[in-house]
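Protein chains in written order, with this note's numbering: chain A, 97 to 381; chain B, 97 to 381.
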């Protein structure tokens, strides 16, 4: 990030070069890992599904007793201005809200708001064709409904993921599947139901959009998913802002279904792309 | 912290005014709450039990796959220099090691090391006489043996603690007691055994010292402690670097023992102070 000399960021009241965006070490993110964030895509210089991401951002802040220093209207205007300044038509925008400069290193103060924009690489056709190999780990996030900055477990598991030549790790608690560190999990059952966990998961914006799209063509259900269910599934996939819909072909060394990306998965990816296109076209220039 | 104009901090390679100690927003503590820390007391310009704290700091870093950029010898020399520069004879020193300036906001890079020194207020005689009233909450830290910067739960519970006019919150998992967000828990049983939880707790330096002192005068045990055990206990207390030994007189509204600081608690506080004095005297000037 330090080398992006022409990119601007927003910090509290000011737009400034990203390379000059610093927080004092008394910030509660540094002292106590305390903060929330959100992240959305920009395509053709337009933010996608912005209202849904902002809703969740304000919701996460509320769950962590933090107040976003800007109204939703002012935040939208700030985002629009940042997009104009940076000229990064295909990118991701991240908003981080921390516990602020704490006087005693423990109690939250006036939050610091950071907004950064970075070029974004979406999965390539080759990555989609290959699909993902994943492992599993028994863990549930502390406050699953909030998008907090706490990724200690996911980051610690990076080495294990690499050692097992996998692409990601799926959390479960006692065999009941929840989510990936940064994505939601779906499977397609033998009777062609599109199923995703409903408890202890982050309510992903892409998850919600894919559920709605699935409901137009298939049986669709939010409910309990177990590791055993994966063994019996036809297909599995993950959803996220940056990954869209990405097939999962292997779990803990065992193939999912045929061991190749499935037709329902690929259909939903196509549908999601179409939804994104439709939103871009619906926007006034 | 921003107003301490005459205090110096250490950041990576440099001593600099604390007010000028900043991290770029790409640091993994800000992006993902990823880091470890430790904290020790300075009395009469001498660090107390420094070897034990440094051992734990290097241990926490290892558990989180972070490398402390200084050898233990170099770190000690840096701490000595900071103490000389700041002239804060009664103070606390905090070392924070973060995941560093991550290129992709997720994978750790070269860690950032921050060392700050701040004046310290120890419990007053009145606070010790009054003792603490505490509540309980079902929660266990993700990686209890590591002193990570993740205090989301403890900080979120601050409002609940205040609303119930309590002083702190004790974690348990299904009735099995572990620790406070920033302190260890002890009780004195009916048969005068000094007992502290052994599983899923941070191995406090003060905890270890108090256990050793207790072993000289009483039965001493590390083992399972339940919420029911507290109801049957004679005394209870917490230990921490800043709190030393602090009596607990009430748990969830019910008195512990007589509802006043107990003799074993007060004896162990006296013994701990004596141990601190002895360490100060043993040091070469």
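Cβ atoms here follow ideal geometry from the backbone N, Cα and C, with glycine treated the same way. Only a predicted model underlies this, so the values are computations on that prediction, with no experimental measurement involved.
{"Query": "Where residue 288 of chain B sits in the DSSP three-state scheme", "Result": "coil"}
{"Query": "Check whether residue 279 of chain A and residue 335 of chain A have beta carbons under 8 Å apart", "Result": "yes"}
{"Query": "Sequence-distant residues of its chain with Cβ nearer than 8 Å to residue 185 of chain B (five each side left out)", "Result": "138, 139, 140, 141"}
{"Query": "Given residue 143 of chain B as reference, the closest of B/363, B/362, B/337 once Cα atoms are compared", "Result": "B/337"}
{"Query": "As assigned by DSSP and simplified to three states, the class of residue 276 of chain A", "Result": "coil"}
{"Query": "Closest by C-alpha distance to residue 260 of chain B, when choosing among B/368, B/347, B/172, B/134", "Result": "B/347"}
{"Query": "Chain B within 8 Å of residue 271 of chain A, Cβ atoms only", "Result": "no"}
{"Query": "Closer than 8 Å at the beta carbon, the chain A residues around residue 212 of chain B", "Result": "121"}
{"Query": "Contact list for residue 161 of chain B against chain A, beta-carbon separation under 9 Å", "Result": "251, 252, 254, 255"}
{"Query": "Spatial neighbours of residue 214 of chain B in its chain, beta-carbon cut-off 7 Å, leaving aside the 5 residues before and after", "Result": "187, 188"}
{"Query": "Cβ pair residue 240 of chain A, residue 207 of chain A closer than 8 Å", "Result": "no"}
{"Query": "Any chain A beta carbon closer than 8 Å to residue 300 of chain B", "Result": "no"}
{"Query": "Nonlocal neighbours in the same chain, by C-beta distance under 6 Å from residue 357 of chain B, ignoring five residues either side", "Result": "227, 343"}
{"Query": "Own chain residues within Cβ distance below 7 Å of residue 364 of chain A, not counting five before or after", "Result": "306, 309, 310, 341"}
{"Query": "Contact set for residue 120 of chain B: own chain, Cβ-Cβ below 7 Å, skip 5 residues either direction", "Result": "197"}
{"Query": "Residue span of the beta strand (DSSP E) that contains residue 137 of chain B, given as start and end", "Result": "131–139"}
{"Query": "Minimum Cβ-Cβ distance from residue 424 of chain A to chain B less than 8 Å", "Result": "In the structure displayed, chain A extends from 97 to 381; residue 424 of chain A sits before or after that span and is not available."}
{"Query": "For residue 194 of chain B and residue 125 of chain B, believed in contact at Cβ under 8 Å, the rounded distance", "Result": "4 Å"}
{"Query": "Residue 209 of chain B and residue 104 of chain B closer than 8 Å at C-beta", "Result": "no"}
{"Query": "Residues that DSSP places opposite residue 229 of chain B in a beta bridge", "Result": "B/346"}
{"Query": "Residues sharing a beta bridge with residue 318 of chain B, DSSP", "Result": "B/292"}
{"Query": "Identity of the residue in A/243, A/242, A/266 nearest residue 250 of chain A by Cα", "Result": "A/266"}
{"Query": "Cβ neighbour criterion (16 or more within 10 Å) applied to residue 292 of chain B", "Result": "buried"}
{"Query": "Extent of the continuous beta strand (DSSP E) run through residue 335 of chain A", "Result": "331–336"}
{"Query": "Secondary structure of residue 239 of chain B, DSSP reduced to three states", "Result": "coil"}
{"Query": "Short CB-CB distance (under 8 Å) between residue 293 of chain A and chain B", "Result": "no"}
{"Query": "Pick from A/287, A/268, A/282 that is closest to residue 304 of chain A, judged by C-alpha positions", "Result": "A/282"}
{"Query": "Selection of the segment 296–328 of chain B by Cβ proximity to chain A, strictly under 8 Å", "Result": "none"}
{"Query": "Residue-level contact to chain A via CB, residue 205 of chain B, 8 Å cutoff", "Result": "no"}
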